[in-house]
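Below is one structure, written out as structure tokens; comments come after it.
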Amino acid sequence: MQGKILIVNGGSSSLKFQLMEAKTKEVLASGLAERIEIDGSFTIKTKEGKFTIKKDLNNHKDAIQLLIEQLKEKKVINSLSELVGIGHRIVQGGEIFKTSSIIDKDNLKKVRELSKLAPLHNPGEADIIEAFQTLLPEVKNVGVFDTSFHQTMNEEEYLYAVPKEWYTKYDVRRYGAHGTSHKYITNKMKEITGKDDVNLVICHLGNGSSLSAIKNSKVINTSMGLTPLAGLIMGTRSGDLDPAIVGYMSQQTNKSAEKIVDELNHNSGLLALSEISSDMRDIRAEAAKGNPVAKRTIRMFAKRIATYIVDYANQIGEQLDGIVFTAGIGENSEQIREAIINQVKILDIKLCEERNDQEYESYIKISSDESAIDLFAIRTNEELVIANELLELIS
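Residue 44 in the UniProt record's numbering is what sits at position 44 of the sequence shown, and the numbering runs on without skipping anything.
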């Protein structure tokens, strides 16, 4: 297809973007509008360099108007008629959006209705789509949902042991997240192994982290739940804990349950355990100095992941084609990868320290030749998945 496509990852006060050539997927420009509704900052990077603009952005529509102006001013697009589609990452698709979909006015209403399941994410994403529909009414918008790739889980994995009406009336179930990244890794491993179907445990480890169990190239389980708070220890999120803690701390502190959940989302995880930072790089630096709290934090982070790896390998029940590390920590921290593998005691997996320490571009095999399961670090590319889904739907 000729023309250009725009890939958008929006938040409540930010908007990340990439402009690509539709035919080749070459990135022509990328950038970030942030501090929307505060004081506004806009950065755009092209082949000519990186440019930053400070400007009040009262809403997402202002940010998008500035984005359009800058794409034309920097001559990465000559006319808006060159833009053939816009792809959006949307966190929550519920059971409504089992696949990527064109977002017309009716579907936009459904995205807003799903905000009850993702109040921190879906409203901002819906505002961005609405602004594009207003400013560029001729251009199709496509939603690629973080939850869609996980829709292949069966009832035994996605149902909680709670009253039935919680699910039937209030939609309480496991949805998962990071599905776009898990899908990219699955497809990349099919390419690496030359197989049509692969069995994998994928470790998406960043400020937000999740694991998925992939059997025959389909998700059978994933660590995040109704919301991205469940599962692993994350930057500022607690991950799995006794749900009675919410009620107990609400009583003890006279804070609402909503406020306690907010603290579990924003003041917990690595930040709370380490009392240093939510950033694993800072914690690793302190651990290297001998800080015992930092060392304990890393062990706890690694042990939780290792427990999930063993559980998911058991659930898959067949020979794994790989255990894959991806996202910010998984791609870039050889020390954390080693710490995790050292905690996996029963799968007979062996790390090759030399390979694990090597620089790489797209992916690298980090297991030794004696390992019973291949280990990989792979750089994820969610934007490429969104681009492919967008082009498939508008072609």
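The beta-carbon is built from N, C-alpha and C at its ideal position, and this holds for glycine as well.
What's the C-alpha gap between residue i and residue j?
i	j	result
Leu200	Leu120	30 Å
Gly87	Glu389	8 Å
Ile38	Phe51	20 Å
Glu263	Thr24	44 Å
Gln343	Thr297	14 Å
His266	Ser212	23 Å
Asp146	Glu191	22 Å
Leu375	Gln335	14 Å
Met300	Gly225	20 Å
Ser268	Asp62	34 Å
Asn314	Arg355	27 Å
Phe132	Pro123	14 Å
Gly85	Lys72	16 Å
Phe17	Ala372	41 Å
Glu353	Ile340	13 Å
Leu135	Ser181	29 Å
Ile283	Pro137	47 Å
Ser217	Asp196	8 Å
Ser395	Asp348	46 Å
Ser209	Gly40	29 Å
Ile260	Arg89	28 Å
Met189	Val198	7 Å
Ser14	Val310	37 Å
Asn78	Glu125	27 Å
Ser278	Leu232	14 Å
Gly3	Arg237	41 Å
Ile316	Thr43	44 Å
Pro35	Leu57	For the record, residue 35 in the displayed sequence is Arg; it is not Pro. If you take the alpha carbons of Arg35 and Leu57, they lie about 8 Å apart.
Ser250	Ala257	6 Å
Helix, strand or coil for residue i, going by three-state DSSP, please let me know.
i	result
Glu21	strand
Val84	strand
Tyr170	coil
Val162	coil
Leu393	helix
Asn267	coil
Tyr175	coil
Ile346	coil
Ser181	helix
Tyr360	coil
Ala313	helix
Gly8	In the sequence under discussion, the amino acid at residue 8 is Val, which differs from the Gly named in the question. Three-state result, Val8: strand.
Ser148	helix
Asn221	strand
Val27	strand
Please classify residue i: is it buried, with 16 or more other beta-carbons within 10 angstroms of its beta-carbon, or exposed?
i	result
Leu67	buried
Ala244	exposed
Pro292	exposed
Lys169	exposed
Ala302	buried
Thr227	buried
Asn154	exposed
Ser81	exposed
Asp127	buried
Gly49	exposed
Arg281	exposed
Lys74	buried
Lys365	buried
Tyr248	exposed
Ile102	exposed
Asp321	buried
Tyr158	buried
Lys255	exposed
Asn59	exposed
Ile346	exposed
Gly330	buried
Taking 6 Å as the limit between beta carbons, can you name the residues of its chain near residue i, skipping five residues before and five after?
i	result
Thr99	Ser148
Lys110	Ile96
Phe325	Cys203, Arg337 and Ala377
Arg112	Ala126
Val385	Thr180, Lys183 and Tyr184
Report all residues from its chain with a CB closer than 7 Å to the CB of residue i; omit the five preceding and five following residues, and keep chain order.
i	result
Ala387	Ile5, Ile7, Met20, Lys25 and Gly87
Does the Cβ of residue i lie closer than 7 Å to at least one heavy atom of the ligand MN?
i	result
Glu156	Looking at this structure, you won't find the ligand MN or any other ligand, since it has none at all.
Item to check | Minimum length 4: unbroken alpha helix (DSSP H) runs contained in the stretch 84-142 | outcome: 105-113 and 122-135
Item to check | Length at least 4, wholly inside the stretch 224-256: the alpha helix (DSSP H) runs in chain order | outcome: 244-253
Checklist entry - Mind pulling the alpha helix (DSSP H) runs of 4 or more residues that sit fully within the stretch 270-310? => result 280-288
Checklist entry - Going along the chain, which unbroken runs of the alpha helix (DSSP H) with 4 or more residues stay wholly within the stretch 29-80? => result 60-73
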